[in-house]
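Undergrad: Numbering (UniProt numbering), first residue to last: 1 to 267.
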Amino acid sequence: MTLARTAALLVLAALVASGCSQAVDTRKKVNLYGDSLGVEAAPFVERALTKSGKVSFVNRTRSGTAPCDWRKIIAHDVSTRPPDAALVETYGNNASTCQTGVGGKRPVLDSQEYWAMYRKDLERTVNAFPRSTKVILVSAPAASVDMRSGRSHKKHMLALMRSIARIRPNVTSVDAGGRLERPLGHFARVIPCIANGPCPNHPTRGKAVVRAKDGLHFCPVIVWAKVNLLEHCPVVAYGAWRFGIVAAVMAARAVGTTAYPPPLVKH
């Protein structure tokens with residue numbers, strides 16, 4: 001055997017050994033894309049999904065963002081290893097550079113132009129994933145501004161998500177925010193606790209604070225959105241916990257696993 005042939009065989013053996021030593025990750029992959037509400041819920045979604053050991057979780061949430069902000073990161077994720085399930089949460093932010101139109105102006109919140117923009121952006125988002133990815137559109141809870149203004153922003157967003165999911169076999173929608181509302185989809189800062197479940201920050205017996213003082217977020221002490229409070233709420237965010245569990249259950253169901261309620265702790 002020549003020296004050249006011997007060297008080639010040694011290289012081949014090394015490559016085979018290297019490939020065999022690398023463990024293949026057989027866990028189902030779930031990605032979460034979202035805005036500040038997603039940021040708050042993400043730790044609970046992750047704990048609920050990964051406790052079984054059968055799911056890997058990727059958090060792509062970022063405060064203040066909208067679906068058009070996630071295009072590049074979704075393209076990257078799909079090109080590397082497409083997620084088995086993708087949770088897409090959005091309240092409907094309207095402050096991103098990618099939302100500017102002619103003259104550098106953004107559509108007015110809840111205007112016809114605004115909803116046309118969101119339909120286009122959400123459709124583009126779900127279409128960015130292969131059909132093998134189960135996409136779950138997650139509706140946020142109604143904000144207090146809806147109650148004051150008489151608008152139905154939340155209802156419109158939920159209807160939009162449902163209409164997009166209705167015509168795509170790999171897309172579903174879930175009203176995770178509905179678990180934190182009063183009857184008829186109205187804003188609520190305080191709601192009844194789950195029977196025999198945890199009940200923190202309770203102003204009255206059997207009820208808990210689920211929304212921030214700003215009428216939008218989950219962390220009870222937030223008066224105005226601050227990134228440090230969104231990511232590390234100094235008190236237990238019961239609303240984020242409830243919201244996150246619903247999202248996690250839907251994702252687990254989509255990939256054929258089980259989500260387990262995570263500990264209700266500060267994060």
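The beta-carbon is built from N, C-alpha and C at its ideal position, and this holds for glycine as well.
#1: Rank Pro183, Ser111, Cys199, Pro169 by C-alpha distance to the C-alpha of Met157 and give the top, closest one.
#2: Under 6 Å Cβ to Cβ from Ser144, same chain only, skipping five residues before and after it: list those, please.
#3: How would you label His76, buried or exposed, when you count the other beta carbons within 10 angstroms and need 16 or more for buried?
#4: Using alpha carbons as the reference points, say which of Lys28, Asn196, Val58 lies closest to Gly38.
#5: If you measure between the beta carbons of Ala251 and Ile136, is that distance less than 8 Å?
#6: Quick one: measure Cβ to Cβ for Ala247 and Ala176, integer angstroms, because I've assumed they're closer than 8 Å.
#7: Evaluate the contact criterion for the stretch 163-171 versus the stretch 200-211: three or more CB pairs, one atom per stretch, below 8 Å.
#8: In terms of alpha-carbon separation, which member of Thr172, Lys213, Pro67, Arg242 lies closest to Arg179?
#9: For Phe57, write down the residues that DSSP places opposite it in a beta bridge.
#10: Considering only DSSP beta bridges, list what Ser139 is partnered with.
#11: Since I believe Thr61 is in contact with Tyr33 (beta carbons under 8 Å), could you give me their beta-carbon distance rounded to a whole number of angstroms?
#12: DSSP on Cys20, reduced to helix/strand/coil?
#13: Out of curiosity, what's the CA-to-CA distance linking residue 308 and Asn94?
#14: Could you please give the first and the last residue of the uninterrupted alpha helix (DSSP H) stretch that includes Ser163?
#15: Locate the alpha helix (DSSP H) running through Ala41, then write down its first and last residues.
#16: When you compare only the Cα positions, how much space is there between His130 and Pro82?
#17: Going straight from the alpha carbon of Leu15 to that of Thr80, what length do you get?
#18: Could you tell me the boundaries of the beta strand (DSSP E) in which Ile191 lies?
#19: Mind reading off the beta-carbon distance from Asn170 to Lys120? Whole number of angstroms is fine, and I expect it under 8 Å.
#20: Whose C-beta lies closer than 6 Å to the C-beta of Trp70 among residues of the same chain, with five residues either side of it excluded?
#21: Taking the alpha-carbon of Leu160 as reference, which of Ile191, Glu89, Pro263, Gly197 has the nearest alpha-carbon?
#22: Beta carbon of Tyr238, beta carbon of Val209: below 8 Å?
#23: Drop a sphere of 10 angstroms on the beta-carbon of Leu230, count the other beta-carbons inside from all chains shown, and report buried for 16 or more, exposed for fewer.
#24: Using the Cα positions of Val138 and Leu122, report the straight-line distance between them to the nearest angstrom.
#25: Could you name the residues that DSSP lists as bridge partners for Ser173?
#26: Please determine, among Ala212, Gly256, Thr257, the residue with the shortest C-alpha to C-alpha distance to Val235.
TA: On the basis of the data shown:
#1: Ser111
#2: Phe187, Gly215
#3: exposed
#4: Val58
#5: yes
#6: 5 Å
#7: no
#8: Arg242
#9: Val30
#10: Thr90
#11: 7 Å
#12: Confidence at Cys20 is low in this model, with a pLDDT of 49, below 50, so its placement is unreliable and the value that follows should be read with caution. Correct three-state label for Cys20: helix.
#13: Any property of residue 308 remains undetermined from this structure, which presents the chain solely from 1 to 267.
#14: 153-166
#15: 36-50
#16: The displayed chain sequence assigns Pro, not His, to residue 130. Answer to the nearest angstrom: the Cα atoms are 8 Å apart.
#17: The predicted model places Leu15 with a pLDDT of 48, which falls under 50 and marks its position as unreliable; any figure quoted below should be read in that light. Each residue's Cα considered, the two are about 22 Å apart.
#18: 190-192
#19: Between Lys120 and Asn170 the Cβ distance is about 19 Å, and since that is not below 8 Å, they are no contact.
#20: Tyr33
#21: Glu89
#22: yes
#23: buried
#24: 11 Å
#25: Leu137
#26: Ala212
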